[in-house]
Amino acid sequence: MPQTVCEDRRWKSFLAHVRGSVDNRSYAAWFQRLRLHQIENHRLTAAVPNPFVKSYLEKNFRVALDDAARHCLGPEASLHLRYCAACGDEHESVEEPQKTTGLEGTGSSPSSAAVQPVIAAGSVPELFLNDRYVFDNFVVGPNNQLSHAACLQVISAPAVAYNPLFLHGASGLGKTHLLQATCRSLSDRNPGLRVLYVSCEEFMNRFVEALKQQTLDSFRRRLRRLDCLAVDDVHFLAGKKRMQEEFFHTFNALHDARKQIILSSDSKPDDMLDFEERLLTRFQWGLLTSMLPPPRETRVSIATRKSESLGYRLSAEVAEFLADMACSSVRAIEGMINKLVALAELYQRPLDLELAREALSDQIPACSVHTPSRIASEVASKFGVTVADLKSARRARRLLVPRQLAIYLTRTLTDASLNEIGGFFGGRDHSTVANALRRAEHLIGEDSTIRDHMDQIRSALHIH
Ligand code: ADP
Ligand code: MG
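The sequence shown begins at 33 in my numbering and counts up one residue at a time.
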């Protein structure tokens, strides 16, 4: 399809934007073969080389594609994908990537672009893992040291030391990375070992499929034959009674047979709502370790290492600049680096502080400011309530304590007056705020669980 210079420039800008918002492997796997078909007013049509790529992109990257289209063609832009054999690599076979687990079923996984088979022999289940998620690429810091050490221990003595090993922490802090690295190392070291890494979502999908196909027995048999089962993001089982029951039996069977179980979740068992008590008890049988946001020094190392892996050496000032822009998640640091690398390549510019400042000029440094609303949202998420709950007039105990702690943190971390704090927390008066502060101080002094919560909130707010 012949293109004008203007179309070509817009198309490149579209691709650069996509590249800044998806990880490198996904970009290489799914976007590099996109071709510009046409740009008509606000409508951008891209050609895809086969129908599977089209449906995969629609399903998994719709938001990134729409964002990128709006970025280069304005707010009304729309993006259309069109299968066009003659536009791309027409000799390509129209095959889906293989499924990601050794369980029953045929569906493909959203992450299959970024996985590759590790083992696929005889009765050993296939283990598909992201090849970036290895120990060599994992930066150890005070925030994840214990989890990292526990994983190494599991590798050297599976099912002996910690069973289950339960990693918990907010999104983007490396849980999946560690789980996959552990599974990979386990099977590398013991090629006969039956190791399975599975996301909780995949586990549930396979279960539903087995129910439908009436193959539950074989689904169970396969799981129970494993030597190590790692289930990522078990918090997705919340409220799903039937799934929890199935998982409970799988857990028991493996644990009784002294097989290793590794789990990850966005919170620790005590804070997991809508779970059967017996399951939560089992989650705590082994070792619980937390994954916290990395301190600045670790963020600097992560920025440096990540850019090196993409072929760029960052100066200390750029690495520090990035570390100060993203402090709540490693994923955010990676996103920024991907964006910078894409821009450096597109504009053929060095990846220096000037480029970093320009590229990230629309982002506010996340680490330096503590606003009442940021504090309130951290406290609310820690306690499983909403900011609106904290501001409301309701006086249920489940709201009182988080509200008092949020008020206390706002008082200690910002220079807001008692009246301003009262105003933010639903129009409370000065004496109510003073009272909440006294209650919070008392609680913190008396109750070690509250102190733990406060430590975690502080850490989420990056106060070390
Ligand atoms: P989670 O599962 O906790 O949401 P992930 O494991 O998916 O987080 O991590 C998000 C991204 O950050 C991944 O690309 C991962 O490789 C990277 N990452 C997380 N922690 C580290 C670390 N300590 N060192 C290097 N990369 C990390
Ligand atoms: Mg994860």
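Ideal placement from N, C-alpha and C gives every residue a C-beta, glycine not left out. These figures come from a predicted structure and were not determined experimentally.
- Three or more Cβ pairs drawn from the segment 93-113 and the segment 37-49 lie within less than 8 Å of each other, which places the two stretches in contact.
- With contacts defined as CB atoms closer than 9 Å, Cys232 and Leu161 fail to qualify as a contacting pair.
- For the pair Ile489 and Lys423, the Cα-to-Cα distance works out to about 18 Å.
- Collapsing the DSSP output to three states places Phe307 in coil.
- Under the three-state reduction of DSSP, Gln185 is assigned to helix.
- Phe167 is positioned such that its CB atom lies closer than 9 Å to that of Ala213.
- By the CB criterion at 9 Å, Arg471 and Gln436 fall inside the cutoff.
- Look at the beta carbons and you see the segment 375-382 not touching the segment 259-268: under three pairs across the two are nearer than 8 Å.
- In the structure shown, the three-state DSSP call for Gln70 is strand.
- Per DSSP, reduced to three states, the secondary structure at Gln177 is helical.
- DSSP, read as helix, strand or coil, puts Ser322 in strand.
- The DSSP-derived three-state label of Gln395 is coil.
- Closest by C-alpha distance to Met323, out of Thr336, Asp220, Ser203, Thr442, is Ser203.
- When secondary structure is reduced to three states using DSSP, Gly52 falls in the helix class.
- In the DSSP secondary-structure assignment, Val80 is bridged to Tyr115.
- Here Ala428 is exposed: its Cβ has fewer than 16 other Cβ atoms, across all protein chains shown, within 10 Å.
- Ligand 2 has a heavy atom closer than 8 Å to the beta-carbon of Asp265.
- By the beta-carbon neighbour count (other beta carbons within 10 angstroms, threshold 16), Thr442 is buried.
- In this structure, the C-beta of Asn370 stays at least 8 Å away from each heavy atom of ligand 1.
- Between the alpha carbons of Asn175 and Lys272 lies a distance of about 31 Å.
- Cβ-Cβ distances below 7 Å link Thr321 to Leu178, Ser179, Ala182, Leu199 in the same chain, with the five nearest sequence neighbours on each side left out; the list follows chain order.
- DSSP lists Ser297, Ser322 as the beta-bridge partner residues of His200.
- For Thr208, the Cβ falls inside the 8 Å cut-off from some heavy atom of ligand 2.
- A distance criterion of 8 Å places the beta-carbon of Arg337 in contact range of ligand 1, judged by its closest non-hydrogen atom.
- Under the three-pair Cβ rule at 8 Å, the segment 345-361 does not count as touching the segment 222-230.
- Glu234 has its alpha-carbon roughly 21 Å from the corresponding atom of Leu305.
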